[in-house]
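Q:
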Amino acid sequence: MNPVAVSLADAARRYKQAAQAVLGAYEARRPATTHQVTPAQLDAGIDQFFAISTKVDREQGETGPIASDDVSQLGDYGLTLLTDLMTWAQQLELREFDRDFDSVVLSFTDWIVRHEGEIRTLEPIVDALAHYANRTREPEQLEALTRFMTRIVRSSSKLIKQDLEKGNPGRPWLVLNLNRGIVATRSHNPELMEEVFEELARFFPDHAAQFFAEGMQQMDELNYPPHVRAVMARYFDRFTRRTMH
Numbered sequence: 459m460n461p462v463a464v465s466l467a468d469a470a471r472r473y474k475q476a477a478q479a480v481l482g483a484y485e486a487r488r489p490a491t492t493h494q495v496t497p498a499q500l501d502a503g504i505d506q507f508f509a510i511s512t513k514v515d516r517e518q519g520e521t522g523p524i525a526s527d528d529v530s531q532l533g534d535y536g537l538t539l540l541t542d543l544m545t546w547a548q549q550l551e552l553r554e555f556d557r558d559f560d561s562v563v564l565s566f567t568d569w570i571v572r573h574e575g576e577i578r579t580l581e582p583i584v585d586a587l588a589h590y591a592n593r594t595r596e597p598e599q600l601e602a603l604t605r606f607m608t609r610i611v612r613s614s615s616k617l618i619k620q621d622l623e624k625g626n627p628g629r630p631w632l633v634l635n636l637n638r639g640i641v642a643t644r645s646h647n648p649e650l651m652e653e654v655f656e657e658l659a660r661f662f663p664d665h666a667a668q669f670f671a672e673g674m675q676q677m678d679e680l681n682y683p684p685h686v687r688a689v690m691a692r693y694f695d696r697f698t699r700r701t702m703h
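So the number in the working numbering is just where the residue sits in the sequence shown, counting from 1, plus 458.
(1) I need the straight-line Cα distance from H703 to F670, nearest angstrom please.
(2) Taking the alpha-carbon positions, what's the N626 to E554 distance?
(3) Once DSSP output is grouped into helix, strand and coil, what is the label at S465?
(4) Rounding to the nearest angstrom, what Cα-Cα distance links K624 and Q549 in this structure?
(5) Taking the alpha helix (DSSP H) that N592 belongs to, which residues open and close that run?
(6) When burial is assigned at 16 or more other CB atoms within 10 Å of the CB, is G536 buried or exposed?
(7) I need the straight-line Cα distance from N460 to D568, nearest angstrom please.
(8) Shortest alpha-carbon distance to L564 belongs to which of L532, M690, A688, L466?
(9) So which of F566, V689, R699, F508 has the shortest CA-CA distance to G673?
(10) Between A476, Q675, P497, which has its C-alpha nearest E485's C-alpha?
(11) If you compare alpha carbons, which of L650, Q518, I610, H646 is closest to V633?
(12) Check each candidate in D468, V514, T698, A667 and name the one with the smallest Cα separation from D560.
(13) If you follow the alpha helix (DSSP H) that Y535 is part of, which residue opens it and which one closes it?
(14) Could you give the residue range of the alpha helix (DSSP H) that holds I570?
(15) Rank I570, E520, G522 by C-alpha distance to the C-alpha of D534 and give the top, closest one.
(16) Measuring straight from C-alpha to C-alpha, what distance separates T608 and W546?
(17) List the whole-angstrom C-beta distance separating E601 from V529, where the pair is believed to meet the contact cut-off of C-beta under 8 Å.
(18) For I577, name the three-state secondary structure that DSSP assigns.
Here is the structure:
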């Protein structure tokens, strides 16, 4: 079991509580006409995704590719509907369910990754991972989170990896990789840090120097242990020297 993502059964329970609150708030303030897909319509589609994904796990196993249906398409369908319902929750000012929705997002993501699908909708995943990281303090949990983030990086679609929005500093692909570097550092695992840092530098050479410079500032401000400082200092020296020549 992935220690970061809850099971589909747990996600379904959390989802239902949050969804009922959104449906109730929408009905109480229901507009006379709307051109948007309603929460009830989104809820029906998400319930369908839960049914299909649970059936796949039960009949075909919880890992590996599936014999029928398209994991990537199904996963994208579920995440897209969920993102739209989360938007309704924000519009209806139901922020108390943010953590429940995050858990569902990560559960859906885990299902895609477990079945070797391709991630095509990244933004809600990046947001949910950031919220999870902000609540997590134990190095072992942060190590597990880093490894999950790495699996998401590996599973991201070719289109996402082409990084076509290079001028957008808030693009999810960049944020995912920068956050993975931060979480790896907080795990205090030197080998994991090196693995993530090498990939970060290869994917985003224009951002590496700034990332390691900011990392060195954090070493003193947050009193990181010497073995973590040593890794960060090595990468800082390597990429700072490169930018000075």
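Even for Gly, the Cβ is constructed at its ideal location relative to N, Cα and C.
A: In short, the structure shows the following:
(1) Any reading at H703 must be qualified, since the residue scores a pLDDT of 43, below 50, and its modelled position is unreliable; the value itself is stated next. Distance between the alpha carbons of H703 and F670: 17 Å.
(2) 30 Å
(3) coil
(4) 30 Å
(5) 581-593
(6) buried
(7) 8 Å
(8) L466
(9) V689
(10) P497
(11) I610
(12) D468
(13) 529-549
(14) 556-572
(15) I570
(16) 30 Å
(17) 27 Å between Cβ atoms; not a contact.
(18) strand
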